[in-house]
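> Sharing a structure here in structure tokens format.
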Amino acid sequence: MSLRPVVCAWVAGLSALAAACAPSLDWREVRPDEAGLMMLMPCKPEQRTRQLVLVGRPVQMRVLGCTADGTTWGLSTADLADPALVGPALAELRAARRLNLDGTETAVKAAQVGGMTPQAQAVRFSLAGKLPDGTSLTDQSLLFAHGTRVFHAAALGGKPSAQELETFFDGLKLQK
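Going left to right, the sequence shown walks through residues -18 to -1, 1 to 158 as mature numbering (1 follows the signal peptide of the UniProt record, and there is no 0) numbers them.
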């Protein structure tokens, strides 16, 4: 099975949302539907739902995103309903991101989101990649889980500062 559709759906969903967002950072608290999560977004996000295959099963993935200052900021989430699929799904999302961005991981560390379900595959990573037209870009991603729900938060492209990235990733808080 090709992993390309997973990330293509994510990138396509965020690209479709990008036009609706303002070009400057205007941080706001966002609570994505059904995700049990509070987060900070630097622009007003739009939400879409995509059907895709993840770990061999059809899933409904919610994609929330916007673009500001050349960076597309987003969160995708799906409930797998089976705890045994969570680790493999996180690994598949990571591999798909590398493949679709023709990327090389430049940094990897364990994910840290308060309240997350511990998973060996929960990581924060950076990629140096390319768009289909050959344009170079960077990607900062965070993969984690809560129960049977998987999350992928990302800052794609542009040149976000270290402080902006920390605000975005540290702003992810699971609700009890």
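We put the CB at the ideal spot given by N, CA and C, even for glycine.
(1) Specify, as a first and last residue, the run of the alpha helix (DSSP H) that residue 152 falls within.
(2) Please confirm whether residue 93 has its beta-carbon closer than 9 Å to some beta-carbon of chain D.
(3) Using DSSP with H/G/I as helix, E/B as strand and the rest coil, what is residue 140?
(4) Tell me whether residue 4 is buried or exposed, calling it buried when 16 or more other Cβ atoms sit within 10 Å of its Cβ.
(5) Can we count residue 54 as close to the ligand PLP, meaning its CB is less than 8 Å from some heavy atom?
(6) How should residue 117 be labelled, buried or exposed, when 16 other C-beta atoms within 10 angstroms of its C-beta is the threshold for buried?
(7) State the DSSP-derived secondary structure class of residue 11, mapped to helix, strand or coil.
Checking against the coordinates, here is how it stands:
(1) Segment 144 to 152, the alpha helix (DSSP H) holding residue 152.
(2) No chain D is part of this structure, which consists of one protein chain only.
(3) Residue state, collapsed to three classes: coil.
(4) Residue placement at residue 4 is poorly supported in this model, since its pLDDT is 38, which falls under 50; the coordinates still yield a value, given next. So residue 4 counts as exposed.
(5) With respect to the ligand PLP, the structure shown offers nothing to examine, as it has no ligands at all.
(6) The residue is exposed, with fewer than 16 neighbouring Cβ atoms inside 10 Å.
(7) If DSSP states are grouped into helix, strand and coil, residue 11 belongs with the strands.
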